[in-house]
Structures are given as C-alpha cells and as structure tokens.
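These notes are about the structure you will find just below.
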C-alpha cells in the first residue's frame with residue numbers, strides 16, 4: 010500500500026578526506042549540522058571529527074545556540090594549523106609569500122632575480138629565502154605543508170618539469186619538485202607563471218564567474234585560462250600561449266621563438282621598449298615603458314595603446330573560441346594605466362561577435378603583483394588539503 014511517509018536521503022559515502030571538504034569554508038558546524046548534511050550516523054561523524062582533530066586541521070570553535078539543554082559544540086577548519094610557501098618567478102623577479110591554508114599572506118618578500126641564472130643558482134636561493142621568510146612569519150620548516158611555484162615558461166604540470174622554456178636557459182626537463190622538495194622536505198607543485206596568476210586572480214576577485222582569461226603583458230605575453238571553474242593547461246601545458254599567435258601584417262618581425270609576426274614580438278613590453286628606444290626615448294624594458302607613459306609621454310602612450318590593439322586583435326579570436334565572462338589584464342605593462350586596456354577593448358569589441366561580448370568585461374588585475382603568489386598558494390593548498398592527502402594524513 011502506498012503511504013505519504015517522507016523519503017530519507019541516503020547517507021553520502023564520505024571518507025575522512027571528503028568529509029573535511031565540508032569544513033574548508035571555515036564555517037563552524039555542530040555534529041547535528043554534519044549529520045544533517047551527510048546523512049551519516051552520529052558515531053561515524055564522531056569518528057571523522059576525532060580523526061581530523063588529531064591532524065590539527067579542525068578544532069572546537071565554541072558553541073551554537075541552544076534549543077533547550079546544553080549548547081552543542083561546534084567545529085571549524087584551522088587555516089593556521091600549517092603554512093605553505095608560494096613562489097612566483099618571472100624573467101627578472103622573484104616574489105615569495107608564506108600563507109596559511111586559507112591563502113592569507115603572513116609574510117612576503119620581493120626582489121630582482123634573473124631566471125636565466127639557471128636552476129643551480131635560483132632553486133637554492135628560493136630554499137634559503139623560503140626559510141628566512143618562514144622565520145619572519147614566526148613559523149619553522151616543520152609547519153610547512155607544501156610549496157607552490159610558478160615559472161616563466163611551459164611546464165609539464167604532472168611532473169613539474171619545464172619543457173623547452175624559451176627564456177630559461179639550462180632549465181629544460183629539470184626536476185624542480187625533486188630539487189626543491191629535497192631542500193625543504195615537502196611536496197612541490199609547479200606550473201606556468203601565467204596559470205598561477207589566473208588562479209590567484211580567480212580565487213581572490215572573480216570566484217563568482219566560471220570562465221576567465223588572464224593575459225599577462227610584460228617581457229613576454231601569455232594567458233591563463235579558467236574554464237568551468239578550473240585551470241585548463243592543454244595536452245603539453247602549452248594552452249594559453251597567445252604570445253606566439255600571428256599578428257596580421259607583421260610577417261617581417263622576427264620572434265625569439267624562430268617564427269615571424271608573433272604577438273609577443275610586436276606588442277610585448279620588450280617589443281614596445283625596443284620601438285621607443287629606436288626613436289631615441291629612454292626605455293630598455295617594460296618598466297621603462299610604464300615610466301614614460303606615467304610621465305605623460307605622448308609617443309609612449311600611443312605605442313602602448315597600439316600594442317593594446319594588436320593584443321586585442323588576437324584576443325578577439327580567443328573570445329570567439331572560449332567565450333569568457335572576464336578578461337583580466339595583468340603584468341608590468343598593465344601598470345601603464347588605461348592606454349593598454351583601452352586599445353584591447355577597442356579591438357575585441359570591434360572584431361568579436363556581439364553575442365560573445367554582450368556581457369564581457371575587460372579589466373585590470375585586482376590582485377596586481379600579488380596574483381602569482383596567491384595562485385601558487387592556492388595550487389599548493391588544493392594539493393595538501395585534497396581528499397587523498399587528508400585521508401593519508403588522518404590514517
């Protein structure tokens with residue numbers, strides 16, 4: 010006989026690592042809350058909580074309101090239980106940060122460093138600077154849960170090895186995770202610098218959208234792709250290499266990759282600096298270009314705007330292919346103000362179909378220079394707090 014009895018939601022099959030993901034948002038929850046969410050028994054919930062408390066990743070967080078009788082205890086994630094080291098290496102700079110497990114920066118350091126010095130110089134320097142930064146944050150190496158690192162070239166993410174990086178002599182196929190992991194004793198996650206910038210910008214400022222393109226305009230030009238809320242790296246980690254897409258009418262311009270007419274050879278900070286230098290202006294690099302624009306140099310401002318148009322012409326094709334909600338412009342040249350972005354908008358909105366640009370926003374980076382370390386932090390945290398990692402830690 011049919012009845013009107015309510016159906017029961019079957020319990021979720023959650024191991025300790027999966028159960029922990031329910032608490033990563035930091036919201037305090039009672040055992041009753043967790044039973045209601047998961048459908049698991051009180052004894053199973055108690056076992057999961059005990060296992061996670063033994064790792065130090067969750068802790069009692071006070072009590073909830075009472076409905077009669079004793080106030081129930083609540084439990085919440087402790088982001089400060091461990092820390093990660095986030096490293097953003099560019100062609101000529103190094104940015105490091107120690108963050109907690111919620112990507113809150115506890116200490117940071119930034120200084121010039123040439124990636125062309127090679128791994129035998131750069132990686133030991135990162136290890137030393139990392140130890141110093143941990144000390145500055147009041148933490149020691151034993152508190153370190155993992156390292157996230159971005160490199161200015163193609164990276165095979167599954168192995169963390171650079172693959173034929175054009176501006177990184179001596180780095181091809183170097184075991185970066187193995188070398189740095191041996192120095193500091195933790196797992197090391199490595200990705201292309203633009204990918205970690207995209208991830209950092211997405212987590213810090215645009216988590217409400219699912220599709221984002223971050224374009225870095227600096228010594229070179231590259232893009233990081235967020236599609237359906239996840240980084241898209243491509244088969245060999247080369248997705249987003251917009252700097253080597255062809256610019257119409259620029260076939261005579263040689264590029265360091267060996268081809269001609271590449272966007273990077275026409276519109277990067279280095280290319281603009283070279284063009285301005287040829288006109289007798291003092292611009293040896295991207296920073297020099299920005300300085301000229303900020304000093305109200307008309308020629309430099311016009312050159313940056315034209316670079317924006319060239320970049321926008323390439324991005325129009327990307328808009329048609331990927332249909333992002335947001336294009337974020339970052340990198341040193343983006344600091345030149347609206348000139349670059351105005352040129353990009355002009356070309357994208359002129360050349361793309363109205364359907365693709367109807368709600369498209371083209372904006373400057375909100376995280377700015379911090380995007381890389383925030384993304385490196387998020388990449389490391391996602392690894393060390395993954396269900397499999399938590400299961401192993403709580404075993």
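Residue numbers (the numbering used here): 10 to 404.
From the three backbone atoms N, C-alpha and C, an ideal C-beta is built for every residue, glycine too.
{"query": "Three-state secondary structure (DSSP) of residue 339", "result": "strand"}
{"query": "Cut-off 6 Å between Cβ atoms - residues of its own chain near residue 256, not counting five sequence neighbours on either side", "result": "270, 272, 275 and 319"}
{"query": "Inter-stretch contact at 8 Å, needing at least 3 Cβ pairs: the stretch 137 to 156 / the stretch 220 to 229", "result": "no"}
{"query": "Backbone secondary structure at residue 353 - three-state DSSP", "result": "helix"}
{"query": "Burial state of residue 105, where buried means 16 or more other Cβ atoms lie within 10 Å", "result": "buried"}
{"query": "Distance between residue 359 and residue 92 (C-alpha atoms, nearest Å)", "result": "46 Å"}
{"query": "Where the beta strand (DSSP E) containing residue 166 begins and where it ends", "result": "Careful: residue 166 lies outside any beta strand (DSSP E) and carries neither H nor E."}
{"query": "Same chain, Cβ closer than 7 Å to residue 343, neighbours up to 5 away in sequence not counted", "result": "226, 349, 373 and 374"}
{"query": "Rounded straight-line distance, which links the Cα of residue 94 to that of residue 398", "result": "17 Å"}
{"query": "Beta-carbon contacts of residue 298 that lie in its chain and below 7 Å, excluding the five residues immediately before and after", "result": "278, 281, 282, 285, 292, 309, 313, 342 and 345"}
{"query": "Top-ranked residue by Cα proximity to residue 327, from 290, 250 and 216", "result": "250"}
{"query": "Contained alpha helix (DSSP H) runs [length at least 4] in the stretch 162 to 244, N- to C-terminal order", "result": "185 to 193 and 202 to 214"}
{"query": "Cβ neighbour criterion (16 or more within 10 Å) applied to residue 347", "result": "exposed"}
{"query": "Nearest-angstrom Cβ-Cβ length linking residue 385 and residue 213, presumed shorter than 8 Å", "result": "The pair is not a contact, with the Cβ atoms about 12 Å apart (cut-off 8 Å)."}
{"query": "Residue 5, DSSP secondary structure in three states", "result": "Nothing can be reported for residue 5: it is not among the residues displayed for the chain, which extend from 10 to 404."}
{"query": "Integer Cβ distance of residue 403 from residue 155, believed to fall under 8 Å", "result": "Not a contact, Cβ separation roughly 17 Å."}
{"query": "Straight-line gap, residue 108 to residue 306 (C-alpha atoms, nearest Å)", "result": "39 Å"}
{"query": "Three-pair Cβ contact test at 8 Å for the stretch 20 to 36 versus the stretch 51 to 63", "result": "yes"}
{"query": "Euclidean distance between Cα positions of residue 34 and residue 70", "result": "14 Å"}
{"query": "CA nearest to the CA of residue 176, picked from 101, 378 and 50", "result": "101"}
{"query": "Spatial neighbours of residue 218 in its chain, beta-carbon cut-off 6 Å, leaving aside the 5 residues before and after", "result": "334 and 335"}
{"query": "DSSP-derived helix/strand/coil call for residue 97", "result": "strand"}
{"query": "Residue 322 in three-state terms, based on DSSP", "result": "helix"}
{"query": "Completely contained alpha helix (DSSP H) runs for the stretch 110 to 160, where each covers 4 or more residues", "result": "128 to 145"}
{"query": "Which of helix, strand or coil DSSP assigns to residue 81", "result": "coil"}
{"query": "Three-state secondary structure assigned by DSSP to residue 383", "result": "helix"}
{"query": "Limits of the beta strand (DSSP E) - the one that residue 5 falls within", "result": "One cannot answer for residue 5 here, as it falls past the ends of the chain, which runs 10 to 404."}
{"query": "Buried versus exposed, by CB contacts within 10 Å (16 or more), residue 51", "result": "exposed"}
{"query": "Of the residues 339, 382 and 337, the one placed nearest residue 115, counting alpha carbons only", "result": "382"}
{"query": "Three-way DSSP call (helix, strand, coil) for residue 12 in this model", "result": "Here the model assigns residue 12 a pLDDT of 43, short of 50, so the residue's position is not dependable, and the following value carries that caveat. Reduced to three states, the DSSP call for residue 12 is coil."}
{"query": "Status (buried if at least 16 other CB within 10 Å, exposed otherwise) for residue 113", "result": "exposed"}
{"query": "Exposure of residue 121, with buried meaning 16 or more beta-carbon neighbours within 10 Å", "result": "exposed"}
{"query": "Environment of residue 294 [buried if 16+ CB atoms lie within 10 Å]", "result": "buried"}
{"query": "Distance CB(residue 248)-CB(residue 234) smaller than 8 Å", "result": "yes"}
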